[in-house]
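Numbering (my numbering), first residue to last: 21 to 140.
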């Protein structure tokens, strides 16, 4: 990918040779590591960085959140943002009630119909 897209020729190293190189030729392993890091950085700068910040301008999330969210969540946020700007009413997102656990036994409470009752 880096040769074709970036015209950058990184140092190549067979994965099976990494352990022997670490013991016998650590300088070559370090050169491979730096070359790999540089290639990753340039790929990020050319193809991902601008895209992330473009998404941040249309979706109300910070760059960290855009990177962490899934495509479905990002799509939903974009649709809700567009609906808000078009003054379209949309329902609140469904939120399941949190699971409850019994304090003494730490067992899941499947159905809580009353609280504070006393049986003698």
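The beta-carbon is built from N, C-alpha and C at its ideal position, and this holds for glycine as well.
Would you mind sorting residue i into buried or exposed? The rule is 16 or more other CB atoms within 10 Å of its CB.
| i | result |
| --- | --- |
| residue 79 | buried |
| residue 81 | buried |
Would residue i and residue j qualify as a contact pair, given that the criterion is a beta-carbon distance under 8 Å?
| i | j | result |
| --- | --- | --- |
| residue 32 | residue 41 | no |
| residue 30 | residue 50 | no |
With respect to the alpha helix (DSSP H) encompassing residue i, which residues constitute its N-terminal and C-terminal limits?
| i | result |
| --- | --- |
| residue 110 | That residue, residue 110, is in no alpha helix (DSSP H); it is neither H nor E in DSSP. |
| residue 40 | 38–44 |
Pop quiz: residue i and residue j are said to be a contact at Cβ under 8 Å. What is the actual Cβ separation, rounded to whole angstroms?
| i | j | result |
| --- | --- | --- |
| residue 63 | residue 26 | 7 Å |
| residue 83 | residue 73 | 7 Å |
Discussion item. For a minimum of 3 consecutive residues, which ranges assigned as the beta strand (DSSP E) are wholly contained in the region 47–102?
Written reply: none
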